[in-house]
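The listed protein sequences derive, respectively, from chains A and B.
Every letter in the first sequence is one number past the one before it in the working numbering, and letter 385, counting from 1, is 385.
Every letter in the second sequence is one number past the one before it in the working numbering, and letter 29, counting from 1, is 1029.
To start, the structure itself, in structure tokens.
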Amino acid sequence: MRKVYAVGLGITSFTRLEYPVSEIAAYAGMMAMRDAGLSAVDHVFVANMGASRLNHQSGLASAVVDSLSLTPAGAETIENGPASGASALKAGFMAVTSGVHDVVMVIGAERMREANNLETTDFVATLTHPIAEHVYGVTLPSLAAMFTRLYMQKYGVTERHLAMVAVKNHDNALLNFFAHLHEKITLEGILDSPEASTNNPYVSEPLRFFDCCPVSDGGACVILASAEAARKLGKPMVRLAGVGQATDTHAVHEREDPTELTAVRLAAQKSFQMAGVQPSDVHVAELHDAFTILEIVESEEAGFFPKGQGHLALERGETRLGGRLPINTSGGLKAKGHPVGATGVGQAHEIVLQLRGEAEKRQVPGAKVGFTCNFGGFGNNVVCLTFIRED
Amino acid sequence: MERNIYGYKCRHCGHIHYPYRMRCRKCGKTEYTDFELVPLPKRGKLLTHTKLYNLPSDFMLATLQLGMVELENGVRVLGQLQVPKPAAGMAVEAKIEVVRTTDYDSFYGMVFYPA
């Protein structure tokens, strides 16, 4: 296996963008080419979940490779639900590590706000099992809500812990120019004051408005290269060292213990094993906090904290900037935003930025090992990546 | 006629699946037709629940209650709830009713009431 390095980074603001989805993708790609100092690549992977349904654009990668004037390079669209981004990075990793390609562009892009709220909710809900879940009116927030209630009963997580995740990630997003929500929130405003129930109504009990990620448009790009190609470009040597993926039952109720996210645990283990590091070696992590509960549970399943104690680590401030293991320094899906197909690439973008030491006000000092968890469906398809700064 | 939701019982190991799958998750036999349709029990225990305020477009309702139930034979299902004060562990009983109506079709599923 050849070593694979992240040599170029590009991103758009995650927000509402009034551009075609192909341009959102291409813009991130162009920024990454400029960052890497490249004028050509061997192959383009574009992660996207809903362009054919939401934007009337199928075959997105073909549109993007042409828009970037990179033809005749090969191009493919990768769809793996909300884990499309990390899946595309995995495809890029395999292309370079196998020796098939030397320089591969991995883009993630999504334009969700072109559709209205109902259409977008419906679109995301099609991830669920059609007969056993979707037909009942199940949405992703409702699955997360039922999961949250089980977790609260078993481990004593409270609405206050969930709100603390939201406050932390909103604070981090204030330091990220590209984040969707630049909005300071406080526990008083969303939980304690008499106006809190108006500011922060239930979406699906016990999850409230500020427990859910926003619906975002956005694009992100990471260019991967072999060691030889990377050295020529002279960028900091950040290696994509571990790639792990695992799946779980499509219907959530079929899992042996519905409070476990087994796929997260297995994907994280595989990723750490390939990279040759332990969870305790990680300095900074981006976790898939589409709902606040997920940041807490993923931090346990990835092995950063013992099962059932993620919320205690959060209470102690260990996951804040300046804490022992800062989580979601970008703002996370919660506040940076969640353009579904772009999210996994956006997470990798943040981690590579951190390992390069270019994360400015939200920089984790001396970060050398970083981790991302990209969570598809409700935990039925998870891709985890481990990055290591080498020089 | 009594309506039922059916589980899929593996003819080799007897494990009952819901929903349908092509291959038994327990014993892994690969004969495609080796599932027997068995009516799922109606009574069970509520494991977890939610009240949803942001509904998909087919539902002309302000809120919708959903729950995960462990049926008497141990099979777990998701369903809609018609329970005034749901609590984990309470006994519930299903009626098979229309749970979703689209422009063209009506779909039946489990709606749980207090047992």
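The beta-carbon is built from N, C-alpha and C at its ideal position, and this holds for glycine as well.
Exercise for review: Use the C-beta contact count for Cys-1013 (chain B): other C-beta atoms within 10 angstroms, 16 or more gives buried, fewer gives exposed.
Suggested key: exposed
Practice item. Find the residues of chain A that neighbour Met-1060 (chain B), judging by a C-beta separation of less than 8 Å, and give them in chain order. Key: The contacting residues do not exist; Met-1060 (chain B) stays about 11 Å from chain A at best.
Check your understanding: Which residue comes first and which comes last in the beta strand (DSSP E) that contains Met-1110 (chain B)?
Key -> 1106-1114
Review point. Just to confirm, are Val-277 (chain A) and Val-352 (chain A) a CB contact at a threshold of 7 Å?
Key: no
Point to revise | Contact list for Thr-121 (chain A) against chain B, beta-carbon separation under 9 Å | key: Asn-1054, Leu-1055, Pro-1056 and Ser-1057
Check your understanding: So which of A:Ile-293, A:Gly-303, A:His-43 and A:Val-215 has the shortest CA-CA distance to Ala-166 (chain A)?
Key -> A:Ile-293
Exercise for review: Say whether chain A places a C-beta atom closer than 7 Å to the C-beta of Lys-1051 (chain B).
Suggested key: yes
Review point. Of the choices A:Thr-386, A:Asp-42, A:Asn-380 and A:Gly-332, whose alpha-carbon is the least far from that of Asp-248 (chain A)?
Key: A:Asn-380
Point to revise | Three-state secondary structure (DSSP) of Glu-1097 (chain B) | key: strand
Practice item. Please list the partners that Thr-1048 (chain B) has in chain A, where partner means a Cβ-to-Cβ separation under 7 Å. Key: Met-146, Arg-149 and Leu-150
**Study point:** 4-residue-minimum alpha helix (DSSP H) runs that sit fully inside the stretch 120-193 of chain A, ordered along the chain
**Key:** 140-155 and 159-173
**Study point:** Residues in the stretch 1014-1037 of chain B having any Cβ partner in chain A nearer than 9 Å
**Key:** His-1017, Tyr-1018, Pro-1019, Tyr-1020, Arg-1021 and Arg-1025
Review point. Since Pro-258 (chain A) meets chain B, which of its residues come closer than 9 Å, beta carbon to beta carbon?
Key: Leu-1047, Thr-1048, Met-1068 and Arg-1076
**Study point:** Cα-Cα separation between Val-64 (chain A) and Arg-53 (chain A), rounded to whole angstroms
**Key:** 17 Å
Practice item. Write down the C-beta distance between Gly-1079 (chain B) and Ala-1091 (chain B) rounded to the nearest angstrom, noting that I regard them as a contact closer than 8 Å. Key: About 14 Å separates the two Cβ atoms, so there is no contact after all.
Practice item. Give every residue of the same chain whose Cβ lies closer than 8 Å to the Cβ of Glu-315 (chain A), excluding the five residues on either side of it in the sequence, and list them in chain order. Key: His-161 and Met-164
Practice item. Give every residue of the same chain whose Cβ lies closer than 8 Å to the Cβ of Val-215 (chain A), excluding the five residues on either side of it in the sequence, and list them in chain order. Key: Met-112, Arg-113, Asn-117, Thr-120 and His-338
Exercise for review: At 3 residues or longer, and completely inside the stretch 219-257 of chain A: list those beta strand (DSSP E) runs for me, N to C.
Suggested key: 238-247
Exercise for review: Report buried or exposed for Gly-1007 (chain B), applying the criterion of at least 16 other Cβ atoms within 10 angstroms of its Cβ.
Suggested key: buried
Check your understanding: What residue from A:Gly-29, A:Tyr-19 and A:Ile-24 has the CA that sits closest to Leu-224 (chain A)'s CA?
Key -> A:Gly-29
Point to revise | Within-7 Å CB hit, Leu-1117 (chain B) to chain A | key: As shown, chain B starts at 1001 and ends at 1115. That puts residue 1117 (chain B) outside it, with no answer to give.
Review point. Terminal residues of the continuous alpha helix (DSSP H) containing Asn-199 (chain A)?
Key: 196-199
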